[in-house]
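Enquirer:
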Amino acid sequence: MDAFAVFRNRVEEKLINLYPELSDNKAALSRFVVEPPRDASHGDLSCNAAMVLSKTLKSNPRAIADSIVAAFEGDPQVANIEIAGPGFINFTLTPDVWQSVIADANEQGADYGRPAVAPVGKVNVEYVSANPTGPLHVGHTRGAVFGDALASLMAFCRYEITREYYINDAGGQITVLANSAYLRYCQALGDDIGEIPAGLYPGKYLIPVGKALAEQFGDKLKSMDDAEREATIRPVVLEKMMDMVRADLEKLGIKHDKFFSESTLHGGGNGGDIKETLDWLREQGLVYQGTLEAPKGKTPEEWEDREQTLFKATQFGDDTDRALVKSDGSYTYFAADIAYHRNKYLRGYNSQIVVLGADHAGYIKRLGAAGKAVSGGEAEVDVKICQLVNLLRNGQPAKMSKRSGNFVTMANLVEEVGQDVVRFIMLFRRNEAPLDFDFDLVTQQTRDNPVFYVQYAHARACSAFRNAARDVPELDVSPDSLKSADLSLLSHPAELTLLKVMGQFPRAIEAAAVAHEPHRVAFYVHELAGAFNAFWTKGKEEPQLRFVNHEDRTITLARLAMVNAVRQILRNGLGILGVSAPDELS
RNA sequence: GGUCCCGUAGCUCAACUGGAUAGAGCAGCUGACUUCUAAUCAGCAGGUUGCAGGUUCGAGUCCUGCCGGGAUCACCA
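Position one of the first sequence corresponds to residue 106 (the working numbering), numbered consecutively onward.
1) How about Y393 and M349: are their beta carbons less than 8 Å apart?
2) Could you give the residue range of the alpha helix (DSSP H) that holds D209?
3) In whole angstroms, what separates the C-alpha of L400 from that of A474?
4) Between the alpha carbons of Q549 and G644, how many angstroms are there, rounded?
5) Which residue spans inside the stretch 470-541 form an unbroken alpha helix (DSSP H) run of at least 4?
6) Indicate the three-state DSSP secondary structure (helix, strand or coil) for I660 in the structure shown.
7) Can you tell which of G323, E367 and A208 has its C-alpha closest to the C-alpha of I279?
8) Taking its Cβ as the centre, do 16 or more other Cβ atoms sit within 10 Å of A574, making it buried, or is it exposed?
9) Could you give the first and the last residue of the continuous beta strand (DSSP E) run that contains T267?
10) Does DSSP put A303 in a helix, in a strand, or in coil?
11) Sort out for me which residues DSSP pairs D695 with in a bridge.
12) By Cβ distance below 8 Å, which residues in the same chain neighbour R565 in space, the five residues on each side in sequence not counted?
13) Hey, how far is the Cα of L601 from the Cα of L633?
14) So what's S285 in DSSP terms, helix, strand or just coil?
15) Identify the continuous beta strand (DSSP E) that holds T414 and give its terminal residues.
16) Assuming D324 and L357 form a contact by the criterion Cβ under 8 Å, report the distance between their Cβ atoms to the nearest whole angstrom.
17) Take N153 and list the residues in its own chain whose beta-carbon comes closer than 7 Å to its own, dropping the five residues that flank it on each side.
18) If we count the other Cβ atoms within 10 Å of its Cβ and call it buried at 16 or more, is L604 buried or exposed?
19) State the beta-bridge partners of G462 as determined by DSSP.
20) In its own chain, which residues sit with a C-beta less than 8 Å from the C-beta of F251, not counting the 5 before and 5 after it?
21) Could you check where the alpha helix (DSSP H) with Y393 kicks off and where it finishes?
22) To the nearest angstrom, report how far apart N448 and N669 are at their CA atoms.
23) Identify the residues that DSSP records as bridge partners of Q457: which are they?
24) For K417, which residues in the same chain have their Cβ closer than 6 Å to its Cβ, ignoring the five residues on either side in sequence?
25) How would you call P141, buried or exposed, if buried means at least 16 neighbouring beta carbons within 10 angstroms?
26) Pull up the distance between the alpha-carbon of Y287 and that of L690, whole angstroms please.
27) Any idea if Y772 is buried or exposed, counting beta-carbon neighbours within 10 angstroms, 16 or more meaning buried?
28) Label L682 either buried or exposed according to how many other C-beta atoms from any shown protein chain fall within 10 Å of its C-beta, with 16 as the threshold for buried.
29) Would you identify the three-state DSSP class for D591, choosing helix, strand or coil?
30) On the CB-based measure, 16 or more other CB atoms within 10 Å of its CB, does Y561 come out buried or exposed?
31) Which term fits I207, buried or exposed, when burial requires 16 or more other beta carbons within 10 angstroms of its beta carbon?
32) On the three-state DSSP scale, how would you describe H624?
33) Note down, one range per segment and in chain order, each alpha helix (DSSP H) of at least 4 residues found wholly within the stretch 138-186.
34) Please tell me whether R339 and A275 are closer than 8 Å, where the distance is taken between their beta carbons.
35) To the nearest whole angstrom, what separates the beta carbons of A663 and L595, a pair I think is in contact under 8 Å?
36) Could you name the residues of the same chain whose beta carbon sits closer than 8 Å to that of S506, not counting the 5 residues immediately before and after it, in chain order?
Put into structure tokens, the structure is as follows:
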């Protein structure tokens with residue numbers, strides 16, 4: 106049970122009893138919260154209902170608070186209740202409420218923290234979606250980790266989640282890719298290709314692709330005309346590129362459920378494709394022929410004033426209407442994007458999350474507009490922007506030379522510092538804040554390094570069990586035995602402090618999922634690790650607080666039950682982030 | 001010029017979506033180590049939350065206008 110949720114319900118019940126007119130006013134009732142007070146001296150739980158409902162009830166907050174407090178008279182789990190400040194109701198709970206967190210965590214195990222009821226509706230999380238023209242680099246990594254952790258977080262909270270990758274395989278860059286691969290193919294057949302011409306991809310990763318083409322086709326590609334050759338090469342190269350992307354993602358532990366190919370939107374008739382979508386938009390009166398004004402910063406010479414096919418994006422909150430058809434008659438990228446959002450909507454996703462890089466900030470409004478337009482306002486499109494990652498070495502910018510075509514790939518990054526570090530560091534920051542990634546700092550095993558700090562706390566928890574097995578081998582610490590522990594022994598203030606942090610896990614998780622903010626999970630496990638380390642050190646000053654007590658088996662068992670719960674919560678939190686929880690650190 | 005993001009302790013960042021006296025870590029002082037119960041912990045010090053207004057019981061958070069930093073700005077993807 107989550108004490109915060111339980112007491113919120115309890116307050117709501119009492120409010121409806123006291124003020125029957127609230128029973129059909131869900132909106133008002135949904136506005137108050139029960140949360141931990143900032144200052145621990147205010148108690149365990151704080152409720153703002155009296156202030157929030159003051160207007161609705163046309164009564165002053167103090168009077169409402171008084172009536173709520175009176176209604177809690179006799180509640181066996183309330184040790185103290187008082188009104189403070191402008192009308193906060195502060196609860197201090199009896200220790201057994203917090204002690205029960207241990208039993209819950211140990212009993213529910215990997216499910217501890219999971220909300221009881223599943224939210225309605227399917228959620229599509231689209232992330233990475235990098236152009237399949239080369240290896241993933243560090244710029245893709247943050248979005249990849251963020252999207253993956255967000256999907257895991259929401260899946261943990263029982264949302265029906267699909268992890269999706271949109272393959273941009275319909276544009277001109279794939280033609281360039283095919284031509285680049287053809288050059289490597291010629292090279293594989295023994296031709297001297299010299300310098301890679303400007304405009305083609307120079308990367309060495311295409312060399313094996315060229316070899317594969319040579320093995321598959323012999324010299325047949327050379328005798329084809331350009332169109333036939335491209336049509337032949339394209340799917341083969343694309344597949345190779347996507348294999349590479351998938352392999353890179355796997356190094357970070359990322360696996361998508363669905364790879365959606367943009368080119369399928371350009372084909373015909375499978376529902377939700379571009380033509381059908383544009384026809385549908387036309388029926389809605391959202392498409393017209395017109396001209397756009399030149400942006401203020403552009404000089405008239407840079408601007409070709411021309412009539413084009415436009416989507417009324419402004420009607421849905423965008424800043425300008427958007428072109429759907431290019432001057433050569435083909436569809437714009439955005440036209441495909443609208444169709445893609447419609448496709449997702451038709452597949453039943455009323456909630457669509459799109460994770461993009463910092464350079465796509467300008468897309469938030471237009472994607473939101475697309476989502477609203479194609480769903481008649483039913484689908485929510487939440488665009489999450491991940492800001493830039495600054496790579497540092499020893500505090501100095503780790504410059505990458507763009508000229509030589511060298512860049513830090515995702516694979517390099519993971520190889521150098523490991524999956525856990527990459528993932529945790531990238532999640533230990535709000536997504537919209539820029540991130541410094543210092544190679545030297547993130548590999549240190551010190552307090553400065555949050556990944557290490559949290560993993561160390563988990564390893565310590567495990568070591569408590571190793572020590573117990575060594576020092577009191579006759580003590581049964583099996584799950585069943587831990588279940589029988591007398592948790593009421595854990596009433597020392599230091600223990601209650603730790604237990605209260607533990608008890609916040611469920612609401613922290615749920616709030617993070619609702620807000621689409623996985624970084625909160627990272628901050629939570631960091632806080633729990635701190636609370637655990639603090640308690641651990643207390644055992645130094647006060648030996649009776651040590652986990653293993655040679656004289657007293659019952660307190661040892663209770664303490665180990667608590668340690669096991671800490672370990673479980675850390676595992677659950679880290680599991681959501683995709684970071685391992687090692688039993689020992691080397 | 002438009003739009004979006006950011007601006008919080010010397011530094012790097014939080015603040016549970018409007019709650020109470022704005023919190024952590026680093027750096028600086030003080031103290032605690034037979035290194036898996038110090039890879040850590042406790043304490044001290046550090047603030048006009050960029051500026052000015054507004055909304056209300058209450059603002060770092062919401063609205064307006066400025067200042068500073070970054071990103072982006074038809075037809076590429």
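All residues carry an ideal CB built from backbone N, CA and C; glycine is no exception.
Expert: Let me lay it out:
1) As a position in the first sequence, residue 393 is number 288, starting the count at 1. As a position in the first sequence, residue 349 is number 244, starting the count at 1. Their beta carbons are not under 8 Å apart, which means Y393 does not touch M349 by this criterion.
2) Counted from its first residue, the first sequence places residue 209 at position 104. P200 to Q213 is the span of the alpha helix (DSSP H), which, as asked, contains D209.
3) As a first step, residue 400 is located in the first sequence; it is residue number 295 there, counting from the start. As a first step, residue 474 is located in the first sequence; it is residue number 369 there, counting from the start. In the sequence under discussion, the amino acid at residue 400 is Pro, which differs from the Leu named in the question. Taking the straight line from one Cα to the other gives about 20 Å.
4) If you number the first sequence from 1, residue 549 lands on position 444. If you number the first sequence from 1, residue 644 lands on position 539. Cα-Cα distance, rounded: 26 Å.
5) 515-522 and 524-532
6) If you number the first sequence from 1, residue 660 lands on position 555. The answer is helix: DSSP assigns I660 an H, G or I state.
7) In the first sequence, counting from the first residue as 1, residue 279 sits at position 174. Of G323, E367 and A208, the residue nearest in Cα terms is E367.
8) On the first sequence, position 469 is the one that residue 574 refers to. By the 10 Å Cβ count, A574 comes out exposed.
9) Translated into positions along the first sequence, residue 267 becomes position 162. Run containing T267: E265 to I272, per the beta strand (DSSP E) assignment.
10) One-based indexing of the first sequence puts residue 303 at position 198. Note: A303 maps to coil in three-state DSSP.
11) A query on residue 695 cannot be resolved here, the shown segment of the chain reaching from 106 to 691 and no further.
12) Working through the first sequence from its first residue, we reach residue 565 at position 460. Cβ neighbours of R565 beyond the five flanking positions: F637, N638 and W641.
13) As a working note, residue 601 is residue 496 in the first sequence. As a working note, residue 633 is residue 528 in the first sequence. Their Cα atoms are separated by approximately 13 Å.
14) Position 180 of the first sequence, counted from the start, is the residue given in the question as residue 285. Here S285 sits in helix by DSSP.
15) By one-based count along the first sequence, residue 414 stands at place 309. Looking at the DSSP string, the run of the beta strand (DSSP E) that includes T414 is Q413 to F416.
16) The sequence position of residue 324 within the first sequence is 219, counting from 1. The sequence position of residue 357 within the first sequence is 252, counting from 1. Not a contact, Cβ separation roughly 39 Å.
17) As a working mapping, residue 153 is identified with position 48 in the first sequence. Closer than 7 Å at the Cβ level, and outside the excluded window around N153, lie F137, V138 and F193.
18) Taking the first sequence and counting its residues from 1, one reaches residue 604 at position 499. Label assigned to L604: buried.
19) One-based indexing of the first sequence puts residue 462 at position 357. Answer is C491.
20) If you number the first sequence from 1, residue 251 lands on position 146. Excluding sequence neighbours, F251 sits near Y232, V460, K489, C491, M531, L532, N536 and P623.
21) The residue given as residue 393 occupies position 288 in the first sequence. Run containing Y393: none in the alpha helix (DSSP H); it sits in the beta strand (DSSP E), V392 to G395.
22) The residue given as residue 448 occupies position 343 in the first sequence. The residue given as residue 669 occupies position 564 in the first sequence. Their Cα atoms are separated by approximately 46 Å.
23) As a first step, residue 457 must be located in the first sequence, where it is residue number 352. In the DSSP output, where bridge partners are listed per residue, Q457 has N229 and V486.
24) Position 312 of the first sequence, counting from 1, holds the residue named residue 417. Same-chain partners within the cutoff: L391 and D426.
25) As a position in the first sequence, residue 141 is number 36, starting the count at 1. When all chains shown are included, P141 counts as buried.
26) Translated into the one-based positions of the first sequence, residue 287 becomes position 182. Translated into the one-based positions of the first sequence, residue 690 becomes position 585. When rounded, the distance between both Cα atoms is 48 Å.
27) The first residue shown for the chain is 106 and the last is 691, placing residue 772 beyond what the model contains.
28) Start at 1 with the first residue of the first sequence, and residue 682 comes out as number 577. Classification of L682: buried, given that the 10 Å Cβ count is 16 or more.
29) Position 486 of the first sequence, counted from the start, is the residue given in the question as residue 591. D591 falls in the coil class under three-state DSSP.
30) Residue 561 sits at position 456 when you count from the first residue of the first sequence. Result: buried.
31) Start at 1 with the first residue of the first sequence, and residue 207 comes out as number 102. Flag for I207 reads buried.
32) By one-based count along the first sequence, residue 624 stands at place 519. Three-state DSSP puts H624 in a helix.
33) 154-157, 159-162 and 166-176
34) The sequence position of residue 339 within the first sequence is 234, counting from 1. The sequence position of residue 275 within the first sequence is 170, counting from 1. Not in contact: R339 and A275 (Cβ atoms no closer than 8 Å).
35) For the purposes of this step, residue 663 is identified with residue 558 of the first sequence, where counting begins at 1. For the purposes of this step, residue 595 is identified with residue 490 of the first sequence, where counting begins at 1. Yes, A663 and L595 are in contact; Cβ-Cβ is about 5 Å, under 8 Å.
36) Looking up residue 506 in the first sequence gives position 401. Residue confidence for S506 is low, a pLDDT of 42 falling below 50, so the modelled location carries little weight; the figure read from the coordinates is stated next. There are no such residues.
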